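In the numbering used here, the protein residues as written are 328 to 421. Let me begin by presenting the structure, written as structure tokens, before commenting on it.
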């Protein structure tokens with residue numbers, strides 16, 4: 328496992344610490360989960376933007392919604408490591 332240093336504004340740090348305390352999760356676990364989920368999040372944003380563009384250029388067309396069965400399941404933690412319930416909560420809120 329690697330340690331990283333991340334520079335954030337004082338306000339962002341304070342808000343993240345408060346959020347982590349409310350959800351009983353460390354900032355390290357939050358950042359780790361965000362990094363693991365980054366490829367999926369980027370894909371979701373890209374699909375959302377494509378839907379918005381399609382609606383703007385073709386106003387009468389309805390966006391195609393994925394069914395629950397078509398959505399991708401969350402990624403598994405590396406090395407078969409199980410997420411704690413707190414880390415799982417972060418994954419679900421992302």
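Note that the Cβ used here is the ideal one computed from N, Cα and C, for glycine as well. Just so we're clear, the structure is a prediction, and the values are computed from it rather than from any experiment.
{"Item": "Nonlocal neighbours in the same chain, by C-beta distance under 8 angstroms from residue 339, ignoring five residues either side", "Value": "none"}
{"Item": "Span separating the alpha-carbon of residue 381 from that of residue 335", "Value": "35 angstroms"}
{"Item": "Straight-line Cα distance separating residue 377 from residue 342", "Value": "31 angstroms"}
{"Item": "Status (buried if at least 16 other CB within 10 Å, exposed otherwise) for residue 345", "Value": "exposed"}
{"Item": "Contacts around residue 353, its chain only, beta-carbon distance under 7 angstroms, and the 5 residues preceding and following it disregarded", "Value": "347"}
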